[in-house]
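> All the letters of the sequence shown, read from the start, carry residue numbers 1 to 139 under UniProt numbering.
Think of the CB as a built atom: it goes at the ideal place given N, C-alpha and C, for glycine as much as any other residue.
Since we're looking at a predicted model, the values are computed, not measured.
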Amino acid sequence: VLNAFVYPVMDQRPVQYSSFKEESSDLIRPHRPVNPAAASRSHQELHKELQLTHKRLNREMPNEGKTELQRALEKRKWEQRMKASRDQEEAKKSTSPLHQELLKRHQRLENVLSSHCYCCFQFLKLRQIKQRQLLSIDI
1 VLNAFVYPVM DQRPVQYSSF KEESSDLIRP HRPVNPAAAS RSHQELHKEL
51 QLTHKRLNRE MPNEGKTELQ RALEKRKWEQ RMKASRDQEE AKKSTSPLHQ
101 ELLKRHQRLE NVLSSHCYCC FQFLKLRQIK QRQLLSIDI
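Right, dumping it as structure tokens:
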């Protein structure tokens, strides 16, 4: 069995893969894929800074327990909800005269169509009754 050592990016201890046989030495040896975000020095420093900021905030304001980013996101969501509710209220209040007239016409048209459908239904019902009577007389 061939012992293959692979050195991961983050910790430099060897990881042993002993599943290879000597006759398969021409195969590509497996190794951990490199995570570019975790491997970069700037990402590590940024992560460390965020952790320290989080610890400091928890010590200074234990009741709040929220980072600046979380507070900013919550404030943004709250502002978006308020803007949406204001827009809805304005849309309800400020309907133009043209829009109001169109709504009235639409309601009138619906009333006419519903009464017309009811009349058609009654007509068809009476017609069926009449046809049954005619059939019963013929028999």
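Which whole-angstrom value describes the C-beta separation of HIS47 and THR67, a residue pair presumed to lie in contact below a C-beta threshold of 8 Å?
Here residue 47 corresponds to residue number 47 of the sequence shown, with the count starting at 1. Here residue 67 corresponds to residue number 67 of the sequence shown, with the count starting at 1. Their Cβ separation, rounded to whole angstroms, is 13 Å, which puts HIS47 and THR67 out of contact at 8 Å.
> Report the three-state DSSP secondary structure of VAL112 (helix, strand or coil).
Translated into the one-based positions of the sequence shown, residue 112 becomes position 112. Residue state, collapsed to three classes: helix.
> Looking at the structure shown, is LEU98 part of a helix, part of a strand, or coil, going by DSSP?
In the sequence shown, the residue the question calls residue 98 occupies position 98. In this structure, LEU98 counts as helix in the three-state DSSP scheme.
> Can ASN111 be considered in contact with the ligand SAH, in the sense that its beta carbon sits closer than 7 Å to one or more heavy atoms?
Absence of the ligand SAH is noted for the structure shown, with no ligands found whatsoever.
> Pick helix, strand or coil for LEU27, following the three-state DSSP scheme.
Locating residue 27 in the sequence shown gives position 27, counting from the first residue. Coil at LEU27, not helix or strand.
> Would you kindly check if the distance between the Cβ of HIS31 and the Cβ of ALA37 is under 8 Å?
Within the sequence shown, the letter at position 37 stands for residue 37. Within the sequence shown, the letter at position 31 stands for residue 31. The answer is no: Cβ separation not under 8 Å.
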